[in-house]
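**Student:**
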Amino acid sequence: MESLGLGYLAAGIGAGVSIIGAGLGIGKLAAAAMEASGRQPEAAGQVRTSMLIAAALIEGATFFALAICIILATK
Amino acid sequence: MFSWILLSDKKVHQAVADTVHAVTDSSAHAVAEHGAHGGDENLFTQLLHHIYDSKYLEIPFYHNPDPNKHGFELMQFEKWYGIDFSITKHVFFMWLASAVLILVLSWVARKNLKNRVPKGFGNLVEVFVVFVRDEIVLPNMGKGGLKYLPYLLTNFFFILVMNLLGLIPYGASATGNVSVTAGLAIIAFIMIQLSAIRAQGFGHYLAHLTGGVHWALWPIMIPIEVLGLFTKPFALCIRLFANMTGGHIVILALIGLIFVFKSLAVAPVSVTFALGIYMLELFVAFLQAYIFTMLTSLFMGLGMQMESHGHRH
Amino acid sequence: MKNEENNAAGMIRSVAPYLTLGIQIAAAVVLFLFVGKYADDVLGTKPWLMVAGIVVGFAGGMIHFFREVVALSNKEEHERITKN
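Going line by line, the protein sequences match chains A, B and C.
Residues 11 to 85 in the working numbering are what the first sequence spells out, letter by letter.
Residues 3 to 315 in the working numbering are what the second sequence spells out, letter by letter.
Residues 22 to 105 in the working numbering are what the third sequence spells out, letter by letter.
1) Report the rounded CA-to-CA distance for ASP42 (chain B) versus ILE192 (chain B), giving the unit in angstroms.
2) Which residue from A:ALA83, A:LEU39, A:PHE73 puts its Cα closest to that of SER28 (chain A)?
3) Which value, in whole angstroms, describes the spacing of the CA atoms of LEU105 (chain B) and TYR150 (chain B)?
4) Can you tell me whether HIS315 (chain B) is helix, strand or coil according to DSSP?
5) Determine the closest residue to ALA41 (chain A) out of A:GLY24, A:ILE23, A:LEU62, with distance taken between C-alpha atoms.
6) Return the chain-ordered ranges of every alpha helix (DSSP H) run that is complete within the region 116-197 of chain B and spans a minimum of 4 residues.
7) Quick check on GLY57 (chain C) - is its C-beta less than 8 Å from some C-beta in chain B?
8) Taking just the CA atoms, how far does LEU67 (chain A) sit from ALA92 (chain C)?
9) Which residues bound the alpha helix (DSSP H) around ASN95 (chain C)?
10) Could you spell out the range, first to last residue, of the alpha helix (DSSP H) harbouring PHE63 (chain B)?
11) Please classify ALA53 (chain A) as buried or exposed, where buried requires at least 16 neighbouring CB atoms within 10 angstroms.
12) Compute the Euclidean distance between the alpha carbons of GLU98 (chain C) and ILE161 (chain B), then round it to the nearest angstrom.
13) Between VAL132 (chain B) and ALA187 (chain B), what straight-line distance do the alpha-carbon atoms span, to the nearest angstrom?
14) So THR59 (chain A) is in the alpha helix (DSSP H); what residue range does that whole segment cover?
15) How many Å lie between PRO38 (chain C) and VAL262 (chain B) at the Cα?
16) Which value, in whole angstroms, describes the spacing of the CA atoms of LEU34 (chain A) and LEU154 (chain B)?
17) Three or more C-beta pairs under 8 Å: does that hold for the region 49-59 of chain C against the region 78-88 of chain C?
18) Looking only at DSSP bridge pairs, what is ILE85 (chain B) linked to?
19) Quick one: what's got a C-beta closer than 7 Å to GLU128 (chain B)'s C-beta in the same chain, skipping five residues either side?
20) Is there a Cβ of chain B sitting closer than 8 Å to that of GLY74 (chain C), yes or no?
21) For LEU52 (chain C) and chain B, any beta-carbon pair shorter than 8 Å?
22) Is LEU300 (chain B) close to chain C, meaning its C-beta is less than 8 Å from at least one C-beta of that chain?
23) Just grab the DSSP bridge partners of PHE74 (chain B) for me.
24) What does ALA47 (chain C) touch in chain A if you count any residue whose Cβ is under 7 Å from its own?
25) Starting from ASN245 (chain B), trace the alpha helix (DSSP H) both ways and give me its first and last residue.
26) Please tell me whether VAL252 (chain B) and LEU259 (chain B) are closer than 8 Å, where the distance is taken between their beta carbons.
27) Go through its chain and collect everything with a Cβ distance to PHE123 (chain B)'s Cβ below 7 Å, but skip five positions before and after it.
28) Among B:ASN245, B:ILE240, B:VAL228, B:GLU75, whose alpha-carbon lies nearest the alpha-carbon of LEU284 (chain B)?
29) How should VAL1 (chain B) be labelled, buried or exposed, when 16 other C-beta atoms within 10 angstroms of its C-beta is the threshold for buried?
30) Smallest Cα separation from PHE130 (chain B): which of B:GLY147, B:LEU49, B:LEU107?
31) Since ALA83 (chain A) meets chain C, which of its residues come closer than 7 Å, beta carbon to beta carbon?
32) So which of B:ILE199, B:HIS92, B:LEU297 has the shortest CA-CA distance to MET306 (chain B)?
33) Please list the terminal residues of the continuous alpha helix (DSSP H) segment that includes TYR59 (chain C).
34) Going by beta-carbon coordinates alone, are PHE158 (chain B) and VAL134 (chain B) separated by less than 8 Å?
35) Could you work out which residue in A:THR84, A:LEU39, A:ARG58, A:GLY37 is closest to SER47 (chain A) when comparing CA atoms only?
36) For GLY84 (chain B), which residues in chain C fall below 7 Å Cβ to Cβ?
This is how it looks when you write it as structure tokens:
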């Protein structure tokens, strides 16, 4: 196997693993937010806002990882 | 009971190919033809050929005498400063969509002007127009957005007709081409910026680009804010393209399963599933036109409201 | 603005300002990474300007993120007060 092939492999595995992490994170976040707004429906607006902010942070970190994978794959 | 299925590979193949050729368009035929040459290692790339743009137009009951040319050859031009202006399949269907819109909508408009209570097809079109006005433009942009209603309506109907043209036999959806959606997104980008500049004034618009930070941070913040202007239309472009391409790939892949397994027994299942996906595609065609129009008007509205809320971070 | 959140369109409308927050951070990093890489090629200072670009891009992305979040939550607070 060439080193270039290993680079592609790393890019693919990296993309997959980072998406697993993001999926777990956003899933936990959404579950907690649903529970919170179920307990206190009057605070649903605030819960949604803070959920979106945290989701955006997770998303940003994931995009960062994916950008590294894309750079690795196009090298 | 499977004796009729377990014929020799080649025989089944020929039978399937003939049937498919008789009932569907030549895209499936090309898959069959390819399979008949043996080996399906390139089946996926073969499928992609029917989604990519091409120089040939597939026309019912027309076979190009030249075996290398799949269908009617469209007009080809010389490259002009390195840019290829040849008319391709997707360009043809884009023009067809605009021709359909110009003819049908002007006819409907003239008809609706005559009778106050529109009926029939005029009523259907009016439902969409009123929906775009009352459910998309007014809640997102307020009364000030009504002057952008013609643009958004054009956007909605153009994308809708382009999506639907891909669902008729021998058709292709021009929105499954990233250049077309990029063009639509560039127009959306210009409209978003223009509406923001008109509502806020050019000075306020530039002031927003600095992000309101200390001037020492401007070299960092201005590129990031300018980048932020591009992310929204970019997402619009990719969303429409991926949705339209994805559905077509799923349909072609389900039909392609018949040729992968080389058995007629797969056909009922895969055709049923393909029909289901086709129905979903019909829904997605409307949904994506709605989403594109909705998000464009939403982003225009966000830019326009900045002034009324007082631009103070 | 009556019971906005109860339909899908209202939901998209309230979520929309947050949609591009995440990609903005990564986009800032990638932008400054390429600026740094280009500067490296011109000045011959491999890999330091690229690393500096990543740091600057991340810092800028985070500053932008928090400014935007504060502005959005202020706006939402303002709307909540004026509605009641």
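Beta carbons are placed, not taken as given, at the ideal position from N, Cα and C, and that holds for glycine.
**Tutor:** Let's see:
1) Note that ASP42 (chain B) scores 47 on pLDDT, short of 50, meaning its location in the model is unreliable and no value can be drawn from it.
2) Out of A:ALA83, A:LEU39, A:PHE73, A:PHE73 has the C-alpha closest to the C-alpha of SER28 (chain A).
3) If I take the Cα positions, the gap works out to 22 Å.
4) Any reading at HIS315 (chain B) must be qualified, since the residue scores a pLDDT of 42, below 50, and its modelled position is unreliable; no value is offered.
5) Measuring from the Cα of ALA41 (chain A), the nearest candidate turns out to be A:LEU62.
6) Those alpha helix (DSSP H) runs which fall completely within the region 116-197 of chain B and span 4+ residues are 123-133, 140-143, 151-167.
7) With 8 Å as the cut-off, GLY57 (chain C) does not count as an interface residue toward chain B.
8) A straight-line Cα-Cα distance of about 16 Å links ALA92 (chain C) and LEU67 (chain A).
9) Membership of ASN95 (chain C) in the alpha helix (DSSP H) is indicated by the continuous run 69-104.
10) Premise fails: PHE63 (chain B) is in no alpha helix (DSSP H) and is neither H nor E.
11) So ALA53 (chain A) ends up on the exposed side.
12) If you take the alpha carbons of GLU98 (chain C) and ILE161 (chain B), they lie about 37 Å apart.
13) Approximately 24 Å between the Cα atoms of the pair.
14) From DSSP, the alpha helix (DSSP H) with THR59 (chain A) extends over 54-83.
15) Using only the alpha carbons, I get a separation of about 46 Å.
16) Each residue's alpha carbon lies about 38 Å from the other.
17) Yes, the region 49-59 of chain C is in contact with the region 78-88 of chain C.
18) DSSP output for ILE85 (chain B) lists B:TRP82 as bridge partner(s).
19) Non-local C-beta neighbours of GLU128 (chain B) in its own chain, meaning closer than 7 Å and more than five positions away in sequence, comprise ASN114, PRO120, ordered along the chain.
20) Put simply, the CB of GLY74 (chain C) is far from chain B, with every gap to its CB atoms at 8 Å or more.
21) Yes, because at least one Cβ of chain B sits closer than 8 Å to the Cβ of LEU52 (chain C).
22) Answer yes: the Cβ-Cβ gap between LEU300 (chain B) and chain C drops below 8 Å somewhere.
23) In the DSSP output, where bridge partners are listed per residue, PHE74 (chain B) has B:LEU59.
24) Simply GLY70, PHE73, PHE74, ALA77.
25) Under the DSSP assignment, ASN245 (chain B) falls in the alpha helix (DSSP H) whose first and last residues are 220-263.
26) Result no, Cβ atoms of VAL252 (chain B) and LEU259 (chain B) do not sit closer than 8 Å.
27) Answer for PHE123 (chain B): VAL110, listed in chain order.
28) Closest by alpha carbon: B:ASN245.
29) Since the first residue of chain B shown is 3 and the last is 315, residue 1 (chain B) is not available in this structure.
30) Selected option, being the one with the closest Cα: B:LEU107.
31) What ALA83 (chain A) touches in chain C: nothing, since even the nearest Cβ is about 14 Å away.
32) Selection B:ILE199, B:HIS92, B:LEU297 evaluated against MET306 (chain B) yields B:ILE199 as nearest (Cα-Cα).
33) Counting along the chain, TYR59 (chain C) sits inside the alpha helix (DSSP H) bounded by residues 42-64.
34) The answer is yes: Cβ separation under 8 Å.
35) If we check each option's Cα against that of SER47 (chain A), A:ARG58 comes out closest.
36) At a C-beta separation below 7 Å, GLY84 (chain B) has no neighbours in chain C, since its nearest C-beta there lies roughly 24 Å away.
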